[in-house]
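In terms of the working numbering, the sequence shown is numbered consecutively and its last residue is 1256.
Positions of the beta carbon are idealized from the N, C-alpha and C atoms, including for glycine.
Working notes, beginning with the structure itself.
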Amino acid sequence: MSEIITRDQPMDSDMMPYRLKDPYPVPVNLERNPKQGNLLSLAYAGKNSEFTAISQYVVHHETCSDTDPDISNQILQIGVIEMFHLDMLGSCLKQLGTSVNLGVHNGNYTQFWTAQYIKYGRNHRERILYDIQGEKECIAQYRYIISNIHNPAIENLLERIIGDEEVHIQLFEKMLPQPR
Ligand SMILES: [Fe+2]
Ligand SMILES: [Fe+2]
């Protein structure tokens, strides 16, 4: 059987440049707490969420695949890391007793994810700037969740994810062409 990609892949694997070395502290046996889950759903499927990042990077990857195949491939690999992040957040949501759907939960109301969250960009430079901005907004939102969720196991995971997002900002900054 061919090897499948998992978030626990050996750290010397091809995924290395796109994330930190440290393993992910994925929480297990979280106590049911829909309030914490609702807050965490922002990072799962809100405007500045992992799902938005995945969608935007898949589109940006395709947009430059002919003109810049190396950068295109890097963007896709970053998107794979975002999928690991989404996967781990989904596990937390399920344990907390929150619906695992593509929406932000707030009491009885669910704000479903929309493709309008994606920033397409008109050219390469604009796309990469949107990607950097998105990473920074994700980090800011993770910091907001960490300050308000009152759950050390989840806070640890989010801190670890922030480390990957910082790697992504560095990678995107290297892809940024200078203005002419
Ligand atoms: Fe992420
Ligand atoms: Fe990221």
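Asked	Found
Report all residues from its chain with a CB closer than 6 Å to the CB of Gly-1327; omit the five preceding and five following residues, and keep chain order.	Residue numbering for the chain in the displayed model covers 1077 to 1256; residue 1327 lies beyond these limits and cannot be assessed.
Do Leu-1178 and Pro-1110 come within 8 Å of each other at the CB atom, strictly closer than that value?	no
Should Glu-1235 be labelled buried (16 or more other beta-carbon atoms within 10 Å of its own) or exposed?	exposed
In terms of residues, what are the limits of the alpha helix (DSSP H) holding Asn-1182?	Here Asn-1182 belongs to no alpha helix (DSSP H); instead the beta strand (DSSP E) covers 1179 to 1182.
Under 7 Å: does the beta carbon of Asp-1240 sit that close to some heavy atom of ligand 2?	yes
Please report how far the alpha carbon of Val-1180 lies from the alpha carbon of Gln-1187, in whole angstroms.	5 Å
Classify Asn-1114 as buried or exposed, calling it buried when 16 or more other Cβ atoms lie within 10 Å of its own Cβ.	buried
Using alpha carbons as the reference points, say which of Gln-1246, Glu-1241 and Tyr-1100 lies closest to Ser-1167.	Tyr-1100
Could you tell me if Ile-1237 is buried or exposed, where buried requires 16 or more neighbouring beta carbons within 10 angstroms of its beta carbon?	buried
Taking DSSP as the reference, what is the three-state secondary structure of Tyr-1100?	coil
Just curious, the beta strand (DSSP E) that Gln-1187 is in, first and last residue?	1185 to 1188
Return the CA-CA distance between Glu-1249 and Asn-1105, expressed in angstroms with no decimal places.	38 Å
So, with DSSP's three-state summary, where would you put Ile-1208?	helix
Secondary structure at Thr-1143, three-state DSSP: helix, strand or coil?	coil
Alpha carbon to alpha carbon, how far is Ala-1026 from Ile-1154?	Residue numbering for the chain in the displayed model covers 1077 to 1256; residue 1026 lies beyond these limits and cannot be assessed.
Using three-state DSSP, classify Glu-1107 as helix, strand or coil.	coil
Can you list, in chain order, the residues of its chain whose CB lies under 6 Å from that of Met-1077, leaving out five sequence neighbours each side?	Because Met-1077 carries a pLDDT of 49, less than 50, the predicted location of this residue cannot be relied on, and the following value inherits that uncertainty. Once the five neighbours on either side are set aside, Met-1077 has no close Cβ partner at all.
Find the nearest neighbour of Leu-1233 within the set Tyr-1218, Lys-1170, Leu-1252 and Lys-1212, judged by alpha-carbon distance.	Tyr-1218
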